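Residue numbers (UniProt numbering): 1 to 157. This report refers to the structure that appears directly beneath it.
Here's what the structure looks like:
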């Protein structure tokens, strides 16, 4: 396990989430699946309590802690994409697997974890500043899934 690891709270399905992430994103994998050594408030001895996994190179732990805490947009994974095909692949994998669309390149998976599927062209345009950033930002504000061609057209004015 990495020295610094993101811990993500799940109801009882951390392993399913980890396996979905590993199948969806490159440089992702599922590591140890750890059973509870004894009963706990939302489970019994032998139930999976912790799952170690990696999402796009980021070390994570899924904790099956029960329904007490819900995910929100204050935490999200941001996945940088190179083109529309890659953007579509990740967006559709999340949304079509019980997730939901949001605004400006954000979506949630079926476990409630937020994702930003962000084409590199958008990030670079925003970092440029000035009129380029304003045009790209304005175009983005009207989108759910990011349309790379529309961002490119906005950048070019």
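Cβ atoms here follow ideal geometry from the backbone N, Cα and C, with glycine treated the same way. Because the structure is a prediction, the values reported are computed rather than measured.
Asked	Found
Through-space distance from residue 131 to residue 108, alpha-carbon basis	31 Å
Burial state of residue 140 (16 or more Cβ within 10 Å)	buried
Contact check, residue 38 vs residue 32, beta carbons under 7 Å	no
Chain-order list of residues whose beta-carbon lies under 8 Å from that of residue 120 (same chain, five-residue window excluded)	80, 81, 82
Top-ranked residue by Cα proximity to residue 16, from 68, 153, 64	64
Check whether residue 146 and residue 62 have beta carbons under 7 Å apart	no
Straight-line Cα distance separating residue 26 from residue 55	8 Å
For residue 146, the three-state DSSP class (helix, strand or coil)	coil
Under the three-state DSSP convention, the category residue 138 falls into	helix
Proximity below 7 Å, CB of residue 126 to CB of residue 151	no
Cβ separation of residue 22 and residue 29, assumed to be a contact under 8 Å, to the nearest whole Å	5 Å
Those runs of the beta strand (DSSP E) which lie wholly inside the segment 36-88 and span at least 3 residues	48-55, 58-64, 76-81
Close beta carbons around residue 110, own chain, < 7 Å, minus the five adjacent residues each side	97, 98, 99
Nearest-angstrom Cα separation, counted from residue 47 out to residue 92	31 Å
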